[in-house]
């Protein structure tokens, strides 16, 4: 996997390496798109393949090995999200068309509702996939997903301060790198960046780590949790 990460880094600035990488991982793109869409994907005719290909290119450009996540996991996440965006937009267009049909065209409305249910299902599956990946990240720090309720600060202002500290870590490559390598919060450095005492940071250590992993892990749906704390 480390070798793949190095190839991805080269591919960022070398078209020949990028094209070779895409060719080698075309089966991966097809498998991801097919698994998400629950049907066979033909790269010659299906739009899902084109979306997956564009998403794979995006993953190459955005991938950072220092984040502690493998490239294929990251690429799979990006492909699935772009497909969600595609289906969401597609459903919106279809709804605009089918909601205007006459009574004689009721099957169209039913099809529109079916598409809406499909959209809801794939979003639910994506949420569950995020929780699965996030749970694995947490276990690397000795934290279980089920323990998050217990370690979450009860007071809103305490949660907001924890998010502030987590953002300081996630935004700084050195601090984040320290966390990933040592499996410990760089408390001394965090104190320099946020107006919080060492005692407060230590009290909410696991919760801060949990938030850092959401921010750094590029979790699309779990990000909503953080927005809820802030707003």
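In this note's numbering, the protein residues as written are 23 to 253. Glycine included, C-beta positions come from ideal geometry on N, C-alpha and C. All of these numbers come straight from a predicted model, not from anything done at the bench.
With a minimum length of 4 residues, the unbroken runs of alpha helix (DSSP H) contained wholly in the segment 48-81 fall at 48-59. Rounded to the nearest whole angstrom, the C-alpha separation of residue 52 and residue 108 is 16 Å. Scanning 249, 148, 72 and 28 for the CA closest to the CA of residue 182 turns up 249.
Here residue 156 has 167, 235, 236, 239, 241 and 244 as same chain residues with Cβ atoms under 8 Å from its own Cβ, once five neighbours each way along the sequence are excluded. By the CB criterion at 8 Å, residue 207 and residue 227 fall inside the cutoff.
Between residue 106 and residue 63, the CB-CB gap reaches or exceeds 8 Å.
In its chain, beyond the 5 residues on either side, 181, 182 and 185 have a beta carbon closer than 7 Å to the beta carbon of residue 251. Residue 165 places its beta carbon 8 Å or farther from that of residue 187. Taken through DSSP and simplified to helix, strand or coil, residue 244 comes out as coil.
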